[in-house]
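2 protein chains.
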Amino acid sequence: MTTDLNALATFAEELADAARTVSLKYFRTAVDADAKADASPVTIADRETETLLRDMIEAQFPNHGIFGEEHGSVRTDAEFVWVLDPIDGTKTFITGRPMFGTLIGLLRDSRAVMGVMDMPAINERWVGIDGTTTLFNGQPVSTRPCQSINTSWLYATSPTMFTEDHFPAFDRLRDASRYGNWGAECMAYGLLANGWVDIVCEDTMGPYDYVALVPIVEGAGGVMTTWAGQPLNLDSDGTVLAVGDPTLHIKAMEILAG
Amino acid sequence: MTTDLNALATFAEELADAARTVSLKYFRTAVDADAKADASPVTIADRETETLLRDMIEAQFPNHGIFGEEHGSVRTDAEFVWVLDPIDGTKTFITGRPMFGTLIGLLRDSRAVMGVMDMPAINERWVGIDGTTTLFNGQPVSTRPCQSINTSWLYATSPTMFTEDHFPAFDRLRDASRYGNWGAECMAYGLLANGWVDIVCEDTMGPYDYVALVPIVEGAGGVMTTWAGQPLNLDSDGTVLAVGDPTLHIKAMEILAG
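For the protein sequence lines, the chains are A and B, in the order given. Sequential numbering of the first sequence, starting at 1, is according to this note's numbering. Sequential numbering of the second sequence, starting at 1, is according to this note's numbering.
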């Protein structure tokens with residue numbers, strides 16, 4: 001079995017290709033949303049996509065762990081653990097907006113080392129591999145310089161994603177930024193990697209929401225951690241702060257800390 | 001000069017084709033945002049697109065009025081008045097998200113009778129003509145049934161688009177809906193026309209933000225007015241309520257009224 005990250009990224013892109021076929025089959029058809037324990041909508045497409053990805057991983061890398069949004073986790077103490085969000089932006093998907101993504105991340109010894117973000121409906125893909133430059137549709141990308149919060153463009157998915165305790169901290173940062181924008185879902189991190197957005201600040205995120213994105217942001221020159229500057233892995237607290245220009249990291253953390 | 005709405009819609013689609021060329025030329029290039037009086041970002045692309053559209057209208061229909069977001073208004077007392085938003089979702093455009101649109105609306109004696117919403121980056125277009133069925137990429141579409149607010153899917157662009165006075169009313173409606181979603185910009189109204197979303201509720205909107213959308217929503221079977229149920233024209237108060245199922249209209253207005 002390979003432990004070469006480039007080979008694992010090639011496999012991850014095969015997973016993304018397969019996921020596309022399933023998600024696009026259901027996109028903009030009448031897919032009923034049912035209620036998960038946390039009341040977020042889950043669709044047949046979500047579950048069918050994750051099942052397909054898990055089967056492919058089990059067949060190729062039976063010793064690797066898997067942590068998925070829909071179907072739980074196995075072997076999370078393995079050296080390599082795949083972290084899967086078959087459809088990030090389920091509400092976006094259900095409402096026919098082409099901004100949903102498939103997130104395929106890989107942890108090695110609890111560190112995010114590879115990630116693919118695929119946007120099936122708009123045919124855009126980011127690939128991040130530890131130690132290499134992030135690729136957007138096959139082309140290298142980098143974050144842009146932005147050294148002060150008040151000139152930064154910020155994204156978050158929704159004001160209701162923040163806990164009551166955390167919202168005031170986020171709102172301070174949003175208020176200090178030049179413009180706060182909503183609703184980009186996972187794509188916000190890709191826009192940051194490409195140098196069009198400076199800060200993404202979110203909360204109540206699961207590992208499937210962020211593991212794939214860390215190598216994409218960092219391979220483009222950015223920094224991505226919890227609000228307290230801790231690495232993002234299976235044990236993180238759900239807060240996520242990504243900045244394009246590393247000099248913004250400490251400044252944003254200070255505003256969040258109050 | 002024709003006063004046939006179908007012919008005017010064909011012309012509006014030619015305007016949309018021309019606008020696409022300009023906006024896509026600038027999309028995801030480094031376009032500086034400067035500050036308008038209201039502090040929203042305006043780009044070269046915005047202004048160049050509107051200038052092109054105005055020139056085309058002046059050449060073809062010199063007696064028609066024009067009301068544009070960027071370059072002001074002329075002959076707004078004419079029988080026909082074109083209402084233009086060259087790039088709806090400027091912040092979205094500037095941050096590289098493919099969700100911006102071009103809105104081309106037509107008022108006849110102050111009533112919204114024709115509208116085109118074009119999404120250049122994702123190649124999607126809605127056309128609404130008074131008295132006919134709305135077309136999405138050339139295919140007829142219709143809203144879906146949804147008879148209670150608590151099963152409805154709702155969109156708004158941003159929580160910060162509401163005045164302080166209006167936000168609590170909006171928030172009651174969002175809270176009463178099944179799910180509230182953010183950031184779809186003008187596309188939210190198209191998603192509603194296609195039967196994937198049930199309510200769009202917004203505030204502080206200009207005529208260029210809504211005139212083109214009224215015939216699209218109504219031609220698909222929906223209802224679109226101010227929060228108080230008044231027609232949307234150049235003199236409206238900036239509140240906008242669109243529902244897919246007409247039976248939601250009075251229910252939503254009651255919740256907004258408190």
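All C-beta atoms in this analysis are idealised placements derived from N, C-alpha and C, irrespective of residue type, glycine included.
Query - Residues that DSSP places opposite B:T49 in a beta bridge - result: Bridge partners of B:T49: none, in fact.
Classify A:D46: buried if its beta carbon has 16 or more other beta carbons within 10 angstroms, exposed otherwise. buried
Quick check: the Cα distance between B:T21 and B:E48, rounded to an integer number of angstroms? 11 angstroms
Measure from the C-beta of A:V197 to each C-beta in chain B and report whether the shortest distance is under 8 angstroms. With 8 angstroms as the cut-off, A:V197 counts as an interface residue toward chain B.
For this session: Throw me the rounded Cβ distance for the A:M117 and A:R125 pair, which I believe falls under 8 angstroms.
Result: 7 angstroms
* Asked: Per DSSP, A:A112 forms a beta bridge with which residues?
  -> A:L107
#### Entry: contact_flag[the region 150-163 of chain A, the region 60-67 of chain A] where n(CB pairs < 8 angstroms) is 3 or more
no
>> Measuring straight from C-alpha to C-alpha, what distance separates B:A35 and A:Y179?
In response: Any reading at B:A35 must be qualified, since the residue scores a pLDDT of 49, below 50, and its modelled position is unreliable; the value itself is stated next. Spanning the two alpha carbons is a distance of roughly 12 angstroms.
TODO: Consider the Cβ of A:T102: report whether some Cβ of chain B lies at a distance smaller than 8 angstroms.
DONE: no
Taking C-beta to C-beta, are B:C146 and B:D85 nearer than 8 angstroms?
no
(Q) Could you check whether A:L107 and A:D88 sit closer than 8 angstroms to each other, using their CB atoms as the reference points? (A) no
- [ ] Answer yes or no: do B:T157 and B:F93 have a C-beta to C-beta separation smaller than 8 angstroms?
- [x] no
Classify B:T226: buried if its beta carbon has 16 or more other beta carbons within 10 angstroms, exposed otherwise.
buried
Neighbour flag for B:V240 against chain A, beta carbons, 8 angstroms: no
Practice task
Compare the beta carbon distance of B:D198 and B:W153 with 8 angstroms and say whether it is the shorter of the two.
Solution key: yes
Tell me, to the nearest whole angstrom, how far the beta carbon of A:L234 is from that of A:A252; I am working on the premise that it is less than 8 angstroms.
Rounded to the nearest angstrom, the Cβ distance from A:L234 to A:A252 is 24 angstroms, too far for a contact under 8 angstroms.
Quick check on B:D175: buried or exposed, where buried means 16 or more other Cβ atoms within 10 Å of its Cβ?
exposed
Determine the chain A residues that contact B:N159 at a beta-carbon separation under 7 angstroms, and present them in chain order. Reading off the sequence, residue 159 of chain B comes out as Pro, not Asn. Going along chain A in sequence order, the residues near B:P159 (Cβ under 7 angstroms) are P159.
Q) Shorter than 8 angstroms from the beta carbon of A:K25 to some beta carbon of chain B? A) no
Q. Are any of the Cβ atoms in chain D nearer than 8 angstroms to that of A:M224?
A. Reference to chain D is not applicable here, since the protein chains of this structure are A and B.
Using the Cα positions of A:I255 and A:M99, report the straight-line distance between them to the nearest angstrom.
29 angstroms
Does DSSP classify B:F100 as helix, strand or coil? Residue state for B:F100 is assigned as coil, using DSSP reduced to three classes.
Query - Interface flag, B:L191 vs chain A, CB-CB below 8 angstroms - result: Using beta-carbon distances, B:L191 counts as an interface residue toward chain A, with a partner under 8 angstroms.
_Classify A:A30: buried if its beta carbon has 16 or more other beta carbons within 10 angstroms, exposed otherwise._
exposed
*Please name the residue in A:Q230, A:A184, A:F27, A:W82 whose C-alpha comes closest to that of A:I57.*
A:W82
inquiry  = For a cutoff of 8 angstroms on Cβ pairs, would you count A:N194 as touching chain B?
reply    = Chain B, which has a Cβ nearer than 8 angstroms to the Cβ of A:N194, makes this yes.
Q) How about B:I216: is its C-beta nearer than 8 angstroms to some C-beta of chain A? A) no
#### Entry: Residue closest to B:E14, alpha-carbon to alpha-carbon, out of B:R28, B:L52, B:V214
B:L52
Short check: CB of B:G229 to CB of B:T143, under 8 angstroms? no
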